[in-house]
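All residue numbers for the sequence shown refer to this note's numbering, where the first residue is 1 and numbers rise by one. First up is the structure itself, then whatever we jot down about it.
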Amino acid sequence: MSDKISALLHKAGIASIIRRNELTAVKVHFGEKGNTAFIRPIFLRDIINFINGLGGKPFLTDTNTLYRGERSEAVSHVAIALLHGFNFTAVAAPVIIADGLRGTDETSISIQAKHFSGVLIGSAIINADSLVCVSHFKGHELSGFGGALKNLGMGCASREGKMKQHTDISPAIERNDCTGCGRCMEQCPVQAIAYVRKKAAINAGICIGCAKCITVCPQGAVKISWDENNRLFQEKMVEYALGVVQNKKNKLIFVNFLTDISPQCDCYGHADQSIVPDIGILASTDPVAIDQASADLVNAQQGAMHSALMKHHKPHQDKFRGLYPSVDWEVQLDYAEKLRIGARRYTLIRVS
Ligand code: SF4
Ligand code: SF4
Numbered sequence: 001m002s003d004k005i006s007a008l009l010h011k012a013g014i015a016s017i018i019r020r021n022e023l024t025a026v027k028v029h030f031g032e033k034g035n036t037a038f039i040r041p042i043f044l045r046d047i048i049n050f051i052n053g054l055g056g057k058p059f060l061t062d063t064n065t066l067y068r069g070e071r072s073e074a075v076s077h078v079a080i081a082l083l084h085g086f087n088f089t090a091v092a093a094p095v096i097i098a099d100g101l102r103g104t105d106e107t108s109i110s111i112q113a114k115h116f117s118g119v120l121i122g123s124a125i126i127n128a129d130s131l132v133c134v135s136h137f138k139g140h141e142l143s144g145f146g147g148a149l150k151n152l153g154m155g156c157a158s159r160e161g162k163m164k165q166h167t168d169i170s171p172a173i174e175r176n177d178c179t180g181c182g183r184c185m186e187q188c189p190v191q192a193i194a195y196v197r198k199k200a201a202i203n204a205g206i207c208i209g210c211a212k213c214i215t216v217c218p219q220g221a222v223k224i225s226w227d228e229n230n231r232l233f234q235e236k237m238v239e240y241a242l243g244v245v246q247n248k249k250n251k252l253i254f255v256n257f258l259t260d261i262s263p264q265c266d267c268y269g270h271a272d273q274s275i276v277p278d279i280g281i282l283a284s285t286d287p288v289a290i291d292q293a294s295a296d297l298v299n300a301q302q303g304a305m306h307s308a309l310m311k312h313h314k315p316h317q318d319k320f321r322g323l324y325p326s327v328d329w330e331v332q333l334d335y336a337e338k339l340r341i342g343a344r345r346y347t348l349i350r351v352s
C-alpha cells in the first residue's frame with residue numbers, strides 16, 4: 001500500500017504543486033470518538049513522507065465541528081486526533097486545527113455565486129501555501145456521498161461557515177435544558193440572547209448565525225435547526241468548495257480513499273459495516289472528476305448483504321440511492337461543474 005501511495009502521488013503530479021519550504025495543509029478527518037472508519041494514520045504518513053521529500057512542510061488539519069461533540073473545540077479535537085493515532089510518532093507531522101481554539105479563526109473569501117458572495121474558511125487552510133485534500137469516500141445522509149467536494153466545502157469551513165451551509169434559521173434554546181447560567185449571553189457578539197422568565201432565549205431578528213453559543217453552553221441546550229433540503233445544502237456546500245479552490249489555484253491536489261466505505265460520515269460515533277469491498281485510492285487535481293470516478297467505482301461493485309444498503313445491491317446499481325433514496329447526490333457534481341470547479345468527465349489511469 002505504501003509503495004502504491006507514493007506511485008499514485010507521483011503520477012497525479014504532486015511534485016508540480018508543492019515547492020520547497022511551503023507550508024502544506026493536509027486536510028483530513030480525525031474521526032469522531034467511537035468511529036473506526038477514518039483513514040488509518042499510517043497511510044497519512046506515506047503522504048507526509050512524500051511531501052517532506054519534496055521539501056514541503058506538511059501539517060495535518062481539520063476544522064472544528066458545528067455540533068457539540070469531541071471535535072467542537074481545538075483542545076478536545078487534538079486530543080481525539082492523538083487518541084486515533086494521528087501523533088508525530090506515527091504520522092511525522094503536527095496537528096493544527098485550522099479554525100483555532102473555538103472555531104472562530106476564519107478568513108472570508110469572496111466568491112460570486114447564487115447563495116453566497118463570500119465564504120468563511122479556517123485561516124490555517126487559507127494561510128497555507130498548498131493543500132492536499134485527503135478524503136475518506138463514504139455515504140452521507142445529506143449529500144448521498146462525502147468525498148473531495150464535501151471535504152473542501154464543509155470540511156474547510158469555520159463553525160459559522162458550517163452553520164451558513166446547514167441552515168438559514170437561528171439556533172434555538174431548549175428551555176427544559178437551560179439552567180440560566182448566562183454563558184451564552186457573554187459570548188454572543190450581537191447581544192441576541194436575553195433572559196425570558198429566568199431562561200435564555202435567542203432573538204432571531206438580531207442573531208447573525210455565528211454559532212458561538214452552541215459550543216459554549218455546558219448543558220447542550222442550544223439546538224441547531226438543521227435544513228433538510230439536501231439540494232440546497234449541496235449547492236451551498238459546493239459554493240464553499242469554490243472559495244477554497246479559488247484561493248488555492250494550482251496549489252491543490254485531492255486523494256480519495258475508497259476503503260472502509262461506511263454508510264455514514266466519520267462524524268458519527270460509530271462505523272457501520274462497509275457497503276462494498278475496499279476498492280483502492282484515487283488522486284487527481286480535479287475534485288469533481290475524482291468524486292465522479294469514486295462514485296462510479298463504488299456503484300460498480302456488488303453491495304454487501306446485511307449492510308445498511310436497503311436496495312441496489314447488484315453491480316452498477318446506485319449504492320448511494322440504495323442508502324438514501326431521497327437524496328440526489330449528482331446535484332453536487334452538476335453544480336460544481338456549472339461553477340467550473342472541475343469536470344465530471346474523467347480518464348481513469350490505473351497505477352500498480
Ligand atoms: S448564533 Fe451567534 S449571534 Fe446567534 S445567538 Fe448564538 S452567539 Fe448570538
Ligand atoms: S449557556 Fe446554556 S444553560 Fe447557560 S444560559 Fe445559555 S443556554 Fe442556558
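By construction, the Cβ of each residue, glycine as well, lies at the ideal position given by its N, Cα and C atoms. Keep in mind that this is a model prediction, so the values were computed, not measured.
**OP:** Mind the definition here: the region 129-148 touches the region 111-118 only if three or more C-beta pairs lie below 8 angstroms; say whether that holds.
**Re:** no
Subject >> For Thr167 and Lys198, the rounded distance between their alpha carbons >> reply: Within the sequence shown, the letter at position 198 stands for residue 198. Within the sequence shown, the letter at position 167 stands for residue 167. Their backbone Cα atoms lie some 28 angstroms apart in a straight line.
Subject >> Option nearest Ala343 by Cα separation, candidates Gln302, Ile5, Asp291 >> reply: As a first step, residue 343 must be located in the sequence shown, where it is residue number 343. The shortest C-alpha separation from Ala343 is found at Asp291.
Original post:
Taking one C-beta from the region 71-78 and one from the region 35-46 each time, how about it: are there three or more such pairs within less than 8 angstroms?
Top reply: no
Subject >> Distance, His84 Cα to Arg20 Cα >> reply: Within the sequence shown, the letter at position 20 stands for residue 20. Within the sequence shown, the letter at position 84 stands for residue 84. Answer to the nearest angstrom: the Cα atoms are 30 angstroms apart.
**OP:** Ignore the nearest five residues each way along the sequence and tell me which others in Pro58's own chain have a CB closer than 7 angstroms to its CB.
**Re:** The sequence position of residue 58 within the sequence shown is 58, counting from 1. Excluding positions up to five away in sequence, the list reads Thr24, Val26, Ile48, Ile51, Asn52, Ala93.
**OP:** Go through its chain and collect everything with a Cβ distance to Cys178's Cβ below 7 angstroms, but skip five positions before and after it.
**Re:** The residue you call residue 178 lines up with position 178 of the sequence shown. Closer than 7 angstroms at Cβ, skipping near neighbours: Lys199, Ala200, Gln219, Ala221.
**OP:** Within 10 angstroms of the Cβ of Gln191, are there 16 or more other Cβ atoms? Answer buried if so, exposed if not.
**Re:** Working through the sequence shown from its first residue, we reach residue 191 at position 191. Exposed, since its Cβ has fewer than 16 Cβ neighbours within 10 Å.
Original post:
Is Ala172 near ligand 4, with its Cβ less than 6 angstroms from a heavy atom?
Top reply: With respect to ligand 4, the structure shown offers nothing to examine, as its ligands consist of ligand 1 and ligand 2.
**OP:** Using beta-carbon positions only, say whether Ile275 and Leu309 come within less than 7 angstroms of one another.
**Re:** The sequence position of residue 275 within the sequence shown is 275, counting from 1. The sequence position of residue 309 within the sequence shown is 309, counting from 1. It is a contact, given that the beta carbons lie within the stated cut-off.
Original post:
Asp334: which of Ile202, Leu297, Val288, Ala194 sits nearest, CA to CA?
Top reply: Within the sequence shown, numbered from 1, the residue matching residue 334 stands at position 334. Checking every option, the nearest Cα to that of Asp334 belongs to Val288.
**OP:** Within the same chain, show all residues whose beta-carbon is closer than 7 angstroms to that of Arg175, passing over the 5 residues directly before and after it, in chain order.
**Re:** What you label residue 175 is simply residue 175 of the sequence shown in a count that begins at 1. Hits under 7 angstroms: Lys199.
**OP:** Could you tell me whether any non-hydrogen atom of ligand 2 is closer than 6 angstroms to the CB of Cys181?
**Re:** Sequence index remark: in the sequence shown, residue 181 carries index 181 (1-based). Yes, ligand 2 has a heavy atom inside 6 angstroms of this Cβ.
Original post:
Is there contact between the region 231-243 and the region 101-116, where contact requires at least three CB pairs shorter than 8 angstroms?
Top reply: yes
**OP:** In angstroms with no decimal places, state the Cα-to-Cα distance between Ala293 and Cys217.
**Re:** Here residue 293 refers to the residue found at position 293 of the sequence shown. Here residue 217 refers to the residue found at position 217 of the sequence shown. The alpha-carbon atoms of Ala293 and Cys217 are separated by roughly 42 angstroms.
Subject >> Same chain only: Cβ atoms within 7 angstroms of Ala74, ignoring 5 sequence neighbours per side >> reply: For the purposes of this step, residue 74 is taken as residue 74 along the sequence shown, with counting starting at 1. Cβ neighbours of Ala74 beyond the five flanking positions: Asn64, Ile97, Gly100, Leu101.
Original post:
Where are the alpha helix (DSSP H) runs, 4 residues long or more, that stay fully inside the region 7-89, in chain order?
Top reply: 41-53, 74-83
Original post:
Of the residues Arg71, Ala336, Asn203, Gln273, which one's Cα is nearest the Cα of Leu353?
Top reply: Nothing can be reported for residue 353, as the shown portion of the chain is limited to 1 through 352.
**OP:** Compute the minimum distance between the beta carbon of Lys199 and the heavy atoms of ligand 1, and state whether it is under 6 angstroms.
**Re:** Here the question's residue 199 lines up with position 199 in the sequence shown. Flag unset: Cβ of Lys199 not near ligand 1.
Original post:
Whose C-alpha, out of Leu142, Thr61, Gly146, Asn250, is nearest the C-alpha of Cys156?
Top reply: As a first step, residue 156 is located in the sequence shown; it is residue number 156 there, counting from the start. Measuring from the Cα of Cys156, the nearest candidate turns out to be Thr61.
**OP:** Report yes if the CB atom of Gly303 is closer than 7 angstroms to the CB atom of His313, and no otherwise.
**Re:** To locate residue 303, count along the sequence shown from 1; it is residue 303. To locate residue 313, count along the sequence shown from 1; it is residue 313. Yes, they are a contact pair.
Original post:
Buried or exposed: Gly182, going by 16 or more other Cβ atoms within 10 Å of its Cβ?
Top reply: Reading the sequence shown from its first residue, position 182 is the one you call residue 182. Classification for Gly182: exposed.
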